[in-house]
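Q: Quick note: the sequence shown, position 89, residue 89 per my numbering, numbers continuous. Sending over a structure as structure tokens; questions will come in a sec.
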Amino acid sequence: MTDQVSPPVHAGASQTPGVPPEGVPQETKIGASRGLAAWLTRHKTSFAFTSYQSGRLLLTGTMPDGTISVNQQHFGRAMGVCWDRDGLWLATRAHLWRLENILKAGEIAEGRFDVSLMARTMYVTGDIDVHELSVDQTGNPVFVNTAYSCLAKLDPIHSFKPIWKPPFISELAHEDRCHMNGLGMLAGKPKYVTTVSQTDVADGWHGRPLPKGVLIDVEDDRIVSDRLLMPHSPRLADDGRVYAVDSGRGYVVEVNPQTGELRDIAFCPGFLRGMALLGQYALVTVSKPRYGTFQDIPIGDELARRNLTPICAVMVVDLDAGEIVEWLRLEGEVQELFAIELMPNIKCPMVVGPSTPEFLTTVTFDPEISSLNA
Numbered sequence: 001m002t003d004q005v006s007p008p009v010h011a012g013a014s015q016t017p018g019v020p021p022e023g024v025p026q027e028t029k030i031g032a033s034r035g036l037a038a039w040l041t042r043h044k045t046s047f048a049f050t051s052y053q054s055g056r057l058l059l060t061g062t063m064p065d066g067t068i069s070v071n072q073q074h075f076g077r078a079m080g081v082c083w084d085r086d087g088l089w090l091a092t093r094a095h096l097w098r099l100e101n102i103l104k105a106g107e108i109a110e111g112r113f114d115v116s117l118m119a120r121t122m123y124v125t126g127d128i129d130v131h132e133l134s135v136d137q138t139g140n141p142v143f144v145n146t147a148y149s150c151l152a153k154l155d156p157i158h159s160f161k162p163i164w165k166p167p168f169i170s171e172l173a174h175e176d177r178c179h180m181n182g183l184g185m186l187a188g189k190p191k192y193v194t195t196v197s198q199t200d201v202a203d204g205w206h207g208r209p210l211p212k213g214v215l216i217d218v219e220d221d222r223i224v225s226d227r228l229l230m231p232h233s234p235r236l237a238d239d240g241r242v243y244a245v246d247s248g249r250g251y252v253v254e255v256n257p258q259t260g261e262l263r264d265i266a267f268c269p270g271f272l273r274g275m276a277l278l279g280q281y282a283l284v285t286v287s288k289p290r291y292g293t294f295q296d297i298p299i300g301d302e303l304a305r306r307n308l309t310p311i312c313a314v315m316v317v318d319l320d321a322g323e324i325v326e327w328l329r330l331e332g333e334v335q336e337l338f339a340i341e342l343m344p345n346i347k348c349p350m351v352v353g354p355s356t357p358e359f360l361t362t363v364t365f366d367p368e369i370s371s372l373n374a
């Protein structure tokens with residue numbers, strides 16, 4: 001990793017002064033690498049990431065004074081997140097939320113935020129354990145329905161509309177048979193998914209020894225690779241390269257889409273789940289072990305060999321150099337992270353959470369429509 005000196009980080013939540021938002025403990029400490037703010041500024045982006053373990057959506061950008069801003073709000077079991085058309089889609093325990101930017105172009109809130117997200121639409125899916133999500137070419141969400149081992153879309157009547165399942169899954173059942181978790185899109189269509197196993201029985205992916213994880217081509221139902229261990233986040237780069245995180249081993253990897261061979265790029269000291277690509281860089285989320293140690297998983301041995309302790313962080317990996325170049329680290333109540341999403345051309349975003357007093361008092365309308373009788 002880069003320089004270990006952490007500049008100041010503004011870590012807060014939109015709230016009434018002196019009133020902590022419900023469900024968002026304040027004891028989490030956040031530090032950043034010295035160059036992260038400059039990296040975000042140079043690449044003209046900010047990013048969103050989620051912690052299902054602590055129920056948070058966190059938005060990271062840069063303050064006017066050049067320091068890092070982390071704006072966070074409580075969303076129970078926050079999972080997949082997708083930036084689309086100046087707003088966010090967010091998956092939680094039983095809902096898909098659409099958060100819209102309520103600021104006009106060029107408007108700044110509280111002297112620093114150029115985006116202010118407000119929940120405007122909520123779709124009820126039930127507890128189907130939605131993991132990653134994206135949007136198709138029509139702007140509608142496509143999501144990994146982990147409980148039912150399929151890809152799905154929203155349905156106006158039902159909890160979901162299934163659109164694809166792996167060839168080894170015989171039926172749709174609320175049994176999490178293979179732990180499908182990751183979704184990679186190509187030209188607005190699902191292209192790749194990751195599953196932890198090829199099992200077709202309830203919770204079959206929990207087996208020991210650990211089952212082979214797979215990357216599947218959705219277009220032709222082809223198993224691209226079965227050489228992965230607990231994989232997540234398949235991604236396609238602009239140059240056609242295919243990447244994923246091989247979570248059980250702790251590596252960001254490149255996957256040959258023809259042969260399925262893996263090329264290790266960088267080891268990260270924690271359990272990898274989310275990944276977002278930006279040119280030669282990958283932003284990834286790493287988490288501490290859920291039960292204290294990584295038992296019976298190769299990442300535990302690799303950490304011991306390198307004399308490293310697992311951490312909870314967002315890391316910027318240079319894919320060409322195979323190195324971690326920047327990071328944002330969390331200590332305290334937040335110990336596990338899931339998805340991460342870039343917010344291009346956004347400098348400092350914020351969100352108004354449904355558990356805050358502002359959620360009730362933030363009322364907006366189009367100022368150009370000032371009189372119904374005009």
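Don't be surprised by glycine CBs; every beta carbon is placed ideally from N, CA and C. Quantities reported herein were computed from a predicted structural model and do not represent experimental measurements.
Suppose you measure from the CA of residue 25 to the CA of residue 256; what does that come to, to the nearest Å?
A: For residue 25, the pLDDT reaches just 47, beneath the cut-off of 50, and the residue's location in the model is therefore unreliable, leaving the point undetermined.
Q: Under three-state DSSP, which class holds residue 301?
A: helix
Q: Can you list the beta strand (DSSP E) stretches of 3 or more residues lying completely in the stretch 142-194, in chain order?
A: 150-153, 161-164 and 180-186
Q: Could you check if residue 22 is buried or exposed, using at least 16 other CB atoms within 10 Å of its CB as the buried criterion?
A: At residue 22 the pLDDT is 47, less than 50, meaning the model places this residue with poor confidence; the figure from the coordinates comes in the next sentence. Residue 22 comes out exposed.
Q: Measure the CB-CB distance between residue 314 and residue 346 and report whether it falls below 8 Å.
A: no
Q: Return the first residue and the last residue of the alpha helix (DSSP H) that residue 333 is part of.
A: Looking at the DSSP string, residue 333 is not in any alpha helix (DSSP H), and its letter there is neither H nor E.
Q: Determine the DSSP secondary structure at residue 27, reduced to helix, strand or coil.
A: coil
Q: Less than 8 Å between the CB atoms is what I'm expecting for residue 215 and residue 231, so what's the real figure, rounded?
A: 6 Å
Q: Compare the beta carbon distance of residue 54 and residue 331 with 8 Å and say whether it is the shorter of the two.
A: no
Q: Kindly identify the DSSP beta-bridge partner or partners of residue 89.
A: 82 and 98
Q: By a C-beta neighbour count over all protein chains shown, 10 Å radius and 16 as the cutoff for buried, is residue 244 buried or exposed?
A: buried
Q: Hey, how far is the Cα of residue 206 from the Cα of residue 38?
A: 42 Å
Q: In the structure shown, what three-state DSSP assignment does residue 368 receive?
A: coil
Q: Taking only the alpha-carbon atoms, compute the straight-line gap between residue 357 and residue 260 and give it to the nearest angstrom.
A: 51 Å
Q: Going along the chain, which residues of its own chain have a beta-carbon closer than 6 Å to the beta-carbon of residue 129, five neighbours each way excluded?
A: 146 and 147
Q: Starting from the C-beta of residue 200, find all residues in its chain whose C-beta is less than 8 Å away, skip the five residues before and the five after it, and write them out in chain order.
A: Only 168, 169, 170, 177 and 178 meet the Cβ criterion.
Q: When the Cα of residue 247 is compared with those of 208, 223, 294 and 209, which residue comes out closest?
A: 294
Q: Pull up the distance between the alpha-carbon of residue 19 and that of residue 355, whole angstroms please.
A: For residue 19, the pLDDT reaches just 33, beneath the cut-off of 50, and the residue's location in the model is therefore unreliable, although a value from the coordinates is still provided. If I take the Cα positions, the gap works out to 11 Å.
Q: Between 52, 31 and 64, which lies nearest to residue 41 when the distance is taken from Cα to Cα?
A: 64
Q: Would you mind giving the Cβ-Cβ distance between residue 342 and residue 50, rounded to the nearest angstrom? I have them listed as a contact below 8 Å.
A: Contact doesn't hold; Cβ gap of about 14 Å is too wide.
Q: Expressed to the nearest angstrom, what Euclidean distance is found between the alpha-carbon atoms of residue 348 and residue 61?
A: 4 Å
Q: Can you name, in chain order, every residue of its own chain whose Cβ lies under 6 Å from the Cβ of residue 121, other than the five neighbours on each side?
A: 98
Q: What residue from 48, 104 and 221 has the CA that sits closest to residue 367's CA?
A: 104
Q: Mapping the DSSP letters down to three states, classify residue 105 as helix, strand or coil.
A: Of the three classes helix, strand and coil, the one that applies to residue 105 here is coil, per DSSP.
Q: Do you know offhand how far residue 144's Cα is from residue 211's?
A: 20 Å
Q: How many Å lie between residue 183 and residue 150 at the Cα?
A: 11 Å
Q: Among the candidates 250, 31 and 90, whose CA atom is the shortest distance from the CA of residue 302?
A: 250
Q: Determine the closest residue to residue 240 out of 279, 291 and 228, with distance taken between C-alpha atoms.
A: 279
Q: Identify which residue in 28, 165 and 270 has its Cα closest to the Cα of residue 217.
A: 165
Q: Apply the 10 Å Cβ neighbour rule to residue 326 and answer buried if 16 or more other Cβ atoms are within range, or exposed otherwise.
A: Residue 326 comes out buried.
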